[in-house]
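Residue numbers (full-length UniProt numbering), protein chains in the order written: chain A, 1 to 375; chain B, 1 to 375.
Where a beta carbon is used, it is the ideal one built from N, C-alpha and C, also for glycine.
Just so it is clear, the structure is predicted and the values come from calculations on it, not from any experiment.
Following: one structure in structure tokens, then a few remarks.
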């Protein structure tokens, strides 16, 4: 069986659509990966995640190493068996969450020591330990361990961080390859850094290409720089990466972010936005986001979105969702998360179809018109 | 179509099994009704509630009159359409929750004024208003408005409360019948009061029978008296009610409560225990309850209950449920609530089968042996 292949079926401008083949199943691109932080896509059953159209989900190394622990997951048969999802799982390296969540961080060339945000216990992550954890979890797509620096630092700080991440990428590659049995089934992605700087991004891309990876992620964005700066960076960053490998924009984003990034040549995404918003009462629709707590929905018998094919829109009114979110009922989070994940998957499917039909420019224009028009 | 009929298919000792026919579907008895307080069985989709085997669910007048409001539910097409459940719904009268949840209560012969526990707003419930609310909700089985007194009061206080509840039962009957269109589709149940006193229970039963109802509830129990006192009361209370009408023990209970009450002639139950326990990490099994947060489950690859046919037990390990409840993941509540509702429905189905086969005594003995044996 193919360990990992990526076939591009059509391109339209810089946008591409295709399919990644892996042993646990295929991933249609452009792909959105729902985030399953702690071995669960929050508020959803895995069969509901699959029914929404997801081919792959994401698991977080940082959360899983703390609870229930990578060695425990391995003893229980791996992450797929543990959480009941038998299709591909991409795991991040823990690098980003260590920076954003942990306490008492100490970063050296060797790696990062930190205190758990849950109980203060001390832990260590390095390229070698991150690869070991992702192997213990049984990840299908493993991410290199990197440092994700704050975006607003001087160029020399960003450069030194990127250069260390490239040395860590080399160590990640070596440690991944040393796990021979797992390496025969799984894929390894490098992560480009360099913030908003074209020269640093190019140096990072060249360093990664020199090592060689199955896919290439664009890291260090969606960290507060704003959509305009992100899109400006995406004018050059994807093109610096190999055209025949999947390009994964980490941690992105809003529906309009996804359309703009696909337009600029990105193939894969992950983001907590649809799940987190579902818990907080925000619904995504083809006509922009809705706050279900708003009183104007209280007696609205229509669905969240007339154009949505999800089970929530097929069965429930905006009035019911409004009631559930106003009363804090768990079913409100359940139904709205499911809608949002369906919406994201339908958006990806619509983009794939538009690229295949060579009408992506018109699709993107119509999408933005509907999404941003006043309702 | 039949408005309401109750056929007893078999009896075994005092235990009975049969079926209630109503326009929205049939209810197999003994029946357990999952509680859908605020227009949702907490953490479950209605199709999951149905798949578990529930023929009927319960809605709470008190919660629904406060949010989203009975008139609003009526404008939205009724409770069934609002929450997507098309089978029978029993609504309580609000009497019990007014006593247990509201503030600044003032009780007169006319009814009860109180302040909402949510926002302090002032409201009124009376037999007439309770019947109106239950009609606006579109309830299939309407409960009389009654007072549920604290169990530990002097006999004369219990007696006066019961006598007022019987006058309120008469007013409930008249107000229900005045809603002719609704009364042509729905059923009305009286509620016996009298705490633990056989004489007061008899007087209450006679007063209700004199008015005439489709079914008869045993109220005022499961309020802190303990299982032994409850069972002692159930030695005489069900027999005071008409043998050819369903007997509904309100707010009960633990699995062993249900078996003991069916043994004493009860046909219907409701309780928040399986849903609330599901959110709190308590699993019901044929071998007694389990606390899923207990560390002994952390690496247990077995299901919650080997004998359970629910989707959670088919797919997930105790280790996974343990992880989800330790990390506070919503999926823990979702999967465990579903298991508990399935467990309760499987228990009811097992009791119905045992009664039909004239082996209820052996069933109850085996149940208690397994449920209370040390594991």
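- For residue 158 of chain B, same chain residues with a beta-carbon under 7 Å away, outside a window of 5 residues either side, are 149, 194, 195, 197, 200 in chain order.
- Assigned with DSSP and collapsed to three states, residue 109 of chain B falls in coil, not helix or strand.
- In this chain, residue 21 of chain B is not harboured by any alpha helix (DSSP H); it is covered by the beta strand (DSSP E) spanning 15 to 22.
- The beta carbon of residue 297 of chain A lies closer than 8 Å to those of 290, 318, 319, 321, 322 in the same chain, with the five residues before and after it left out.
- When C-beta atoms of the segment 5 to 22 of chain B are compared with those of the segment 300 to 309 of chain B, fewer than three pairs fall below 8 Å, so the two segments do not count as touching.
- Per DSSP, the continuous beta strand (DSSP E) segment holding residue 269 of chain A begins and ends at 268 to 271.
- Proximity to residue 49 of chain A across A:79, A:139, A:185, A:87 peaks at A:87, based on C-alpha coordinates.
- Listed in chain order, the non-local C-beta contacts of residue 312 of chain A below 6 Å within the same chain comprise 335, 338, 339, local neighbours out to five positions each way being set aside.
- Residue range 227 to 234 is occupied by the alpha helix (DSSP H) that includes residue 227 of chain B.
- Scanning the segment 111 to 185 of chain A for uninterrupted beta strand (DSSP E) segments of 3 residues or longer gives 112 to 115, 122 to 125, 141 to 143, listed from N- to C-terminal end.
- In summary, the residues of the segment 72 to 102 of chain B whose CB is separated from some CB of chain A by less than 8 Å are 72, 75, 76, 77, 82, 83, 84, in the order they occur in the chain.
- Residue 241 of chain B and residue 144 of chain B have their C-alpha atoms some 16 Å from each other.
- For the segment 178 to 200 of chain A, the set of positions with a beta-carbon nearer than 8 Å to some beta-carbon of chain B is empty.
- The beta carbon of residue 177 of chain B sits closer than 7 Å to the beta carbons of 183 from its chain, once the five residues preceding and following it are set aside; these are given in chain order.
- Closer than 8 Å to the CB of residue 301 of chain A there is at least one CB belonging to chain B.
- Assignment of residue 316 of chain B by DSSP, reduced to helix, strand and coil, places it in the coil class.
- When the alpha-carbon of residue 341 of chain B is set against those of B:316, B:51, B:11, the nearest one is in B:51.
- For residue 329 of chain B, the nearest beta carbon of chain A is closer than 8 Å to its own beta carbon.
- Between residue 151 of chain A and residue 224 of chain A, the C-beta spacing is below 8 Å.
- Judged by beta-carbon spacing, residue 166 of chain A lies beyond the 8 Å limit of residue 217 of chain A, meaning their Cβ atoms are not closer than that value.
- At a cut-off of 8 Å between C-beta atoms, residue 323 of chain B counts as an interface residue with respect to chain A.
- Two segments are said to touch when three or more pairs of C-beta atoms, one from each, lie closer than 8 Å; by this definition the segment 65 to 79 of chain A does not touch the segment 105 to 112 of chain A.
- Per DSSP, residue 5 of chain A is one residue of the beta strand (DSSP E) stretching across 4 to 12.
- Secondary structure note for residue 192 of chain A: its beta strand (DSSP E) is the uninterrupted segment 187 to 192.
- Approximately 6 Å separates the beta-carbon atoms of residue 61 of chain B and residue 130 of chain B; this is inside 8 Å, confirming the contact.
- In the three-state reduction of the DSSP assignment, residue 282 of chain A falls in the strand class.
- With fewer than 16 other CB atoms across the displayed protein chains lying within 10 angstroms of its CB, residue 244 of chain B is exposed.
- Using a 10 angstroms sphere on the CB of residue 203 of chain A, the tally of other CB atoms reaches 16 or more, which defines it as buried.
- DSSP, read as helix, strand or coil, puts residue 89 of chain A in strand.
- From the beta-carbon of residue 42 of chain A, the residues of chain B found nearer than 8 Å are 329, 330, 331.
- Its Cα nearest to that of residue 78 of chain A, the residue A:132 stands out among A:27, A:54, A:132, A:31.
- In this structure, the straight-line span from the alpha carbon of residue 24 of chain B to that of residue 253 of chain B is close to 26 Å.
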